[in-house]
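Residue numbers (numbering that gives the first Met the number 0), protein chains in the order written: chain D, 0 to 163; chain E, 0 to 163; chain U, 0 to 163. First the structure, in the form of C-alpha cells, and then the observations on it.
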Amino acid sequence: MSIFHQTFKIQSAMRPTFQDVTEQVEQVLNGSGVEEGILVVFSQHTTCSVLIQEASDDLDYWGTDFLMQDLVGVFEKIIPTCRTQGQYLHPGPLHIEAARGRDELPAWSLNTDAHLRSVILGRSVTVPVEDGAMVLGDFGRIYFADFDQVRARERLVRVQIIGE
Amino acid sequence: MSIFHQTFKIQSAMRPTFQDVTEQVEQVLNGSGVEEGILVVFSQHTTCSVLIQEASDDLDYWGTDFLMQDLVGVFEKIIPTCRTQGQYLHPGPLHIEAARGRDELPAWSLNTDAHLRSVILGRSVTVPVEDGAMVLGDFGRIYFADFDQVRARERLVRVQIIGE
Amino acid sequence: MSIFHQTFKIQSAMRPTFQDVTEQVEQVLNGSGVEEGILVVFSQHTTCSVLIQEASDDLDYWGTDFLMQDLVGVFEKIIPTCRTQGQYLHPGPLHIEAARGRDELPAWSLNTDAHLRSVILGRSVTVPVEDGAMVLGDFGRIYFADFDQVRARERLVRVQIIGE
Numbered sequence: 000m001s002i003f004h005q006t007f008k009i010q011s012a013m014r015p016t017f018q019d020v021t022e023q024v025e026q027v028l029n030g031s032g033v034e035e036g037i038l039v040v041f042s043q044h045t046t047c048s049v050l051i052q053e054a055s056d057d058l059d060y061w062g063t064d065f066l067m068q069d070l071v072g073v074f075e076k077i078i079p080t081c082r083t084q085g086q087y088l089h090p091g092p093l094h095i096e097a098a099r100g101r102d103e104l105p106a107w108s109l110n111t112d113a114h115l116r117s118v119i120l121g122r123s124v125t126v127p128v129e130d131g132a133m134v135l136g137d138f139g140r141i142y143f144a145d146f147d148q149v150r151a152r153e154r155l156v157r158v159q160i161i162g163e
Numbered sequence: 000m001s002i003f004h005q006t007f008k009i010q011s012a013m014r015p016t017f018q019d020v021t022e023q024v025e026q027v028l029n030g031s032g033v034e035e036g037i038l039v040v041f042s043q044h045t046t047c048s049v050l051i052q053e054a055s056d057d058l059d060y061w062g063t064d065f066l067m068q069d070l071v072g073v074f075e076k077i078i079p080t081c082r083t084q085g086q087y088l089h090p091g092p093l094h095i096e097a098a099r100g101r102d103e104l105p106a107w108s109l110n111t112d113a114h115l116r117s118v119i120l121g122r123s124v125t126v127p128v129e130d131g132a133m134v135l136g137d138f139g140r141i142y143f144a145d146f147d148q149v150r151a152r153e154r155l156v157r158v159q160i161i162g163e
Numbered sequence: 000m001s002i003f004h005q006t007f008k009i010q011s012a013m014r015p016t017f018q019d020v021t022e023q024v025e026q027v028l029n030g031s032g033v034e035e036g037i038l039v040v041f042s043q044h045t046t047c048s049v050l051i052q053e054a055s056d057d058l059d060y061w062g063t064d065f066l067m068q069d070l071v072g073v074f075e076k077i078i079p080t081c082r083t084q085g086q087y088l089h090p091g092p093l094h095i096e097a098a099r100g101r102d103e104l105p106a107w108s109l110n111t112d113a114h115l116r117s118v119i120l121g122r123s124v125t126v127p128v129e130d131g132a133m134v135l136g137d138f139g140r141i142y143f144a145d146f147d148q149v150r151a152r153e154r155l156v157r158v159q160i161i162g163e
C-alpha cells in the first residue's frame, strides 16, 4: 500500500470557469503506479470546487459547457453574483481591513457568491481506482470549477492517491 | 492494510428514486473482512447521487420517503424538471447529434435537471469503519438517488473499502 | 500504513451553528503521527454537515461568521425554517409515533429544514495530509455545522486518518 500526491496548475478567468482536468488526473494516476485504491482530487481554494459531471458537447459563446452554464444559471437565481457591498453580510469591515493588510484591493473581497456556490458543490471528489484506471462510467469527467469573478488567477489542483 | 471493491445493481423508476442501500453496503463490508478503515459508496452515473440521511418512516403514495420527497420539492423550485427543449441550454444540438449516434432517443437527453440536482448532492459518501461496522449514528442510512426522469434504468452502486 | 480514529464533542445552540474545529482536528492529526495520507472529518448526525470555508473575520450579533450567516440566508430562501407541521411532508404521523416511542417531544421532529440543508452540504470533508499537516491553503478552515434549530445538543465530531 502506498500514498502518492501531486499538484498541477490551471488558469481561471474573471467568470465562473469549469476546466476538464480528467486527463491531467489520469496522468498523475499513471505516474503513481497505483492499480487499486482511491483517488482524491481536492481544491485548497475556498471559492473553487471539484465535481464529476457529464461532458455535454456544446459550448456557449464564452467556451463554457452548456451543462455548466445551466448550473451557473441555477446559482445565479439562488446566490446572485455579488456586485456591491451590502448585498451580503460578507465581506465585513474587519475582513476588508485584513485584506488591505495583505495589499489586496477591497473589491477583490466581493466574491461572496463564489464562496457560497463552491461550498455547496464541495471541495473534492473521491474516485475509485480499479485496474489502474478511475471508474467514471461512460460519460463522467472531473472538472475543477472556479467561481471567483473578481480576479483571474492561477489555481492549484491537488491529487492524492492511496492504494497498491 | 487491504483494498476491497464490489458492485451491486439497483433498478430505478421514471421518477426521482431514493433507494436505501445500507444493508447491501453492510454485506459488502462484512465480506471484505475490514475492521478499521474507510468505505466509499460511489455513483459512476452523472444523474445519480449517494447520500446519508435519516429514514423518516412515512412514505408517500409513490413509495418515496417523506424527507426525500421534501428534497425533491426543494429541487423542483430551484431546478425545475426539464420538460422541453430550450428550458435549459443543455441538451444542445451537438449533444443530441452525439446521442443519435448512440441510438438514443433525443428526448432521453432532457435530463438536465437530473444532472444539476445530482451534482449538488455529490457522487459519493465516505463513511468511517470501526470495529467492522460503518459509523452512521442512530438514524443514518445510505441512499442511492437517481434523479433521471426520462428513463427507468438499471444502475450500478460501487463500494470501495480501504482498511485492515 | 496505519489507520487512526478519534472523536471529540462540541455543543450546538438552538440556531444554525458553525464551529471552527480546525485546531481540534490538527491535534488529532498530530497525535496520529501520520505524515502522508488522507483525513476524513465526518458527522454521524443527519442534521449536521462538515465543510471547508474561509474564516471571514466579522461576526454577527449572535457570534456567527458573516459568510456562514450569508449561507443561512441562502438556505432560508430555498429551504425555509420549518415552523409548523404541514409545511413539509416530513415529519409524518409514523415518524411522530416513532419519536414518541423514544420519549421525544413531537416538536423536536420539526427539523426538516436541517435535514435538507445539511444533506446538500454533505456529511464529511476529505483533506490531503502532507508533511504531517492538512493542506487547507492560506485561508481554509474546517467547520462543523449543526442546522437543527429545535434543540441545543452535544454533537460528536469524528476524525478518521489513513496514511503513514
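The beta-carbon is built from N, C-alpha and C at its ideal position, and this holds for glycine as well.
Practice item. Mind checking who D19(U) pairs with in its DSSP beta bridge? Key: Here residue 19(U) refers to the residue found at position 20 of the third sequence. Looking at the DSSP assignment, D19(U) forms a beta bridge with Y142(U).
Review point. Are the stretch 75-91 of chain E and the stretch 52-67 of chain D touching, with three or more C-beta to C-beta distances below 8 Å?
Key: Touching, yes, given that three or more Cβ pairs across the two stretches are closer than 8 Å.
Practice item. Report back the beta-carbon spacing between M0(U) and M67(E) to the nearest angstrom; my notes put them in contact at under 8 Å. Key: One-based indexing of the third sequence puts residue 0(U) at position 1. One-based indexing of the second sequence puts residue 67(E) at position 68. Not a contact, Cβ separation roughly 38 Å.
Practice item. Could you work out which residues of chain U lie near L115(D), taking near to mean beta carbons separated by less than 8 Å? Key: Taking the first residue of the first sequence as position 1, residue 115(D) is located at position 116. Going along chain U in sequence order, the residues near L115(D) (Cβ under 8 Å) are L66, D69, L70 and V73.
Check your understanding: In chain order, what residues of the same chain have a beta carbon less than 6 Å from the beta carbon of N110(D), not counting five sequence neighbours either side?
Key -> Position 111 of the first sequence holds residue 110(D). Around N110(D): T46, D147 and V149.
Check your understanding: Under three-state DSSP, which class holds S31(E)?
Key -> By 1-based counting over the second sequence, the position of residue 31(E) is 32. In the structure shown, the three-state DSSP call for S31(E) is helix.
Review point. Do you know how far the Cα of G62(U) is from the Cα of A12(U)?
Key: Within the third sequence, numbered from 1, the residue matching residue 12(U) stands at position 13. Within the third sequence, numbered from 1, the residue matching residue 62(U) stands at position 63. C-alpha separation (whole angstroms): 11 Å.
Practice item. Identify each residue in the stretch 17-44 of chain D for which the Cβ-Cβ distance to at least one residue of chain U is less than 7 Å, and report them in chain order. Key: The stretch 17-44 of chain D vs chain U, Cβ under 7 Å: V39, F41, Q43 and H44.
Review point. Which two residues bound the contiguous beta strand (DSSP E) that contains P127(D)?
Key: Working through the first sequence from its first residue, we reach residue 127(D) at position 128. Per DSSP, P127(D) belongs to the beta strand (DSSP E) from S123 to E129.
Exercise for review: Go ahead and pull the three-state DSSP assignment for R82(E).
Suggested key: Within the second sequence, the letter at position 83 stands for residue 82(E). When DSSP states are grouped into helix, strand and coil, R82(E) belongs to the coil group.
Exercise for review: Within the same chain, show all residues whose beta-carbon is closer than 8 Å to that of V71(E), passing over the 5 residues directly before and after it, in chain order.
Suggested key: Walking along the second sequence from the start, residue 71(E) turns up at place 72. Excluding five sequence positions before and after V71(E), the CB atoms of its chain that fall closer than 8 Å to its own CB belong to P15 and T63, given in chain order.
Review point. When Cβ atoms are compared, which residues of the stretch 111-143 of chain U fall closer than 9 Å to chain D?
Key: The stretch 111-143 of chain U vs chain D, Cβ under 9 Å: I119, L120, G121, V124, T125, V126, P127, V128, E129, V134, L135, G136, D137, F138, G139 and R140.
Check your understanding: For G162(E), which three-state DSSP category applies?
Key -> For the purposes of this step, residue 162(E) is taken as the residue at position 163 of the second sequence. Strand.
Review point. Who pairs with Q26(D) in a beta bridge, going by DSSP?
Key: Within the first sequence, residue 26(D) is the residue found at index 27, counting from 1. The bridge partners DSSP lists for Q26(D) come to none.
Check your understanding: By a C-beta neighbour count over all protein chains shown, 10 Å radius and 16 as the cutoff for buried, is F80(U) buried or exposed?
Key -> By one-based count along the third sequence, residue 80(U) stands at place 81. Note that residue 80(U) is Thr in the sequence shown, not Phe. A buried status is given to T80(U), since no fewer than 16 other beta-carbon atoms sit within 10 Å of its beta-carbon.
Check your understanding: When we look at the beta-carbon of P127(D) and count the other beta-carbons within 10 Å, is it buried (16 or more) or exposed?
Key -> Taking the first residue of the first sequence as position 1, residue 127(D) is located at position 128. Buried is the call here.
Check your understanding: With distances taken between CB atoms, is the gap from V24(U) to V40(U) smaller than 8 Å?
Key -> Locating residue 24(U) in the third sequence gives position 25, where the first residue counts as 1. Locating residue 40(U) in the third sequence gives position 41, where the first residue counts as 1. Taking 8 Å as the cut-off, the beta carbon of V24(U) is found closer than this to the beta carbon of V40(U).
Review point. Can you round the beta-carbon distance between V33(U) and I160(U) to whole angstroms, since I take them to be within the 8 Å contact cut?
Key: Numbered from its first residue, the third sequence carries residue 33(U) at position 34. Numbered from its first residue, the third sequence carries residue 160(U) at position 161. Between I160(U) and V33(U) the Cβ distance is about 5 Å, and since that is below 8 Å, they are a contact.
Exercise for review: In the DSSP assignment, find the unbroken alpha helix (DSSP H) run with V73(U) in it and report its ends.
Suggested key: In the third sequence, residue 73(U) corresponds to position 74, counting from 1. Segment F65 to I77, the alpha helix (DSSP H) holding V73(U).
Review point. How many whole angstroms separate the CB atoms of V124(E) and I77(U), which I take to be in contact at a CB cut-off of 8 Å?
Key: As a first step, residue 124(E) must be located in the second sequence, where it is residue number 125. As a first step, residue 77(U) must be located in the third sequence, where it is residue number 78. Not a contact, Cβ separation roughly 22 Å.
Point to revise | Supposed contact pair F143(D) and Q18(D) - C-beta distance, whole angstroms, cut 8 Å | key: In the first sequence, the residue the question calls residue 18(D) occupies position 19. In the first sequence, the residue the question calls residue 143(D) occupies position 144. Going by Cβ atoms, the distance from Q18(D) to F143(D) rounds to 5 Å, so yes, they are a contact pair.
Review point. Is S11(U) helix, strand or coil by DSSP?
Key: As a working note, residue 11(U) is residue 12 in the third sequence. S11(U) falls in the coil class under three-state DSSP.
Review point. Taking C-beta to C-beta, are E163(E) and I2(U) nearer than 8 Å?
Key: Indexing the second sequence from 1 puts residue 163(E) at position 164. Indexing the third sequence from 1 puts residue 2(U) at position 3. In terms of Cβ geometry, E163(E) and I2(U) form a close pair [threshold 8 Å].
Practice item. Determine the closest residue to D130(E) out of R99(E), L104(E), L28(E) and T6(E), with distance taken between C-alpha atoms. Key: Residue mapping note: residue 130(E) aligns to position 131 of the second sequence, counting from 1. Ranking R99(E), L104(E), L28(E) and T6(E) by Cα distance to D130(E) puts L28(E) first.
Review point. Which two residues bound the contiguous beta strand (DSSP E) that contains L50(D)?
Key: Position 51 of the first sequence, counting from 1, holds the residue named residue 50(D). Counting along the chain, the beta strand (DSSP E) containing L50(D) begins and ends at C47 to E53.
Practice item. Give me whichever residues DSSP pairs with L58(D) in a beta bridge. Key: Here the question's residue 58(D) lines up with position 59 in the first sequence. DSSP, once it has assigned bridges, lists D64(D) as partnering L58(D).
Exercise for review: Can you give me the start and stop residues for the beta strand (DSSP E) that S108(D) sits inside?
Suggested key: The residue given as residue 108(D) occupies position 109 in the first sequence. First-last for S108(D): undefined, no H or E at that position.
Review point. If we call anything under 8 Å between Cβ atoms a contact, is L50(D) one with V118(E)?
Key: Locating residue 50(D) in the first sequence gives position 51, counting from the first residue. Locating residue 118(E) in the second sequence gives position 119, counting from the first residue. Their beta carbons are under 8 Å apart, which means L50(D) touches V118(E) by this criterion.
Check your understanding: Which stretch, first to last residue, makes up the beta strand (DSSP E) that contains G36(E)?
Key -> If you number the second sequence from 1, residue 36(E) lands on position 37. Element bounds for G36(E): G36 to S42.
Exercise for review: List the residues of chain D that A97(E) touches, going by C-beta distances under 8 Å, in chain order.
Suggested key: Along the second sequence, read from residue 1 onward, the residue named residue 97(E) stands at position 98. Ordered by position in chain D, the residues that pass the 8 Å Cβ test against A97(E) are D56.
Check your understanding: Is it true that the CB of K8(U) sits closer than 8 Å to the CB of E153(U)?
Key -> Position 154 of the third sequence, counted from the start, is the residue given in the question as residue 153(U). Position 9 of the third sequence, counted from the start, is the residue given in the question as residue 8(U). Yes, they are a contact pair.
Check your understanding: Would you report the Cα separation of Q43(U) and R122(U), rounded to the nearest angstrom?
Key -> Mapped onto the third sequence, residue 43(U) falls at position 44. Mapped onto the third sequence, residue 122(U) falls at position 123. Rounded to the nearest angstrom, the two C-alpha atoms are 7 Å apart.
Exercise for review: For A113(U), count neighbouring Cβ atoms within 10 angstroms of its own Cβ and tell me buried if that reaches 16, exposed if not.
Suggested key: Here residue 113(U) refers to the residue found at position 114 when the third sequence is read from its first residue. Label assigned to A113(U): buried.
Review point. Since E163(D) meets chain E, which of its residues come closer than 7 Å, beta carbon to beta carbon?
Key: Taking the first sequence and counting its residues from 1, the one referred to as residue 163(D) is at position 164. Within chain E, the residues whose beta carbon sits less than 7 Å from that of E163(D) are I2, listed in sequence order.
**Study point:** Residue interval of the alpha helix (DSSP H) (run including P90(U))
**Key:** Residue mapping note: residue 90(U) aligns to position 91 of the third sequence, counting from 1. Element bounds for P90(U): n/a, residue is neither H nor E.
Check your understanding: For a contact meaning CB atoms closer than 8 Å, what does Q52(E) contact in chain U?
Key -> Residue numbering aside, residue 52(E) sits at position 53 when the second sequence is read from its first letter. The contacting residues are T45, H114 and V118.
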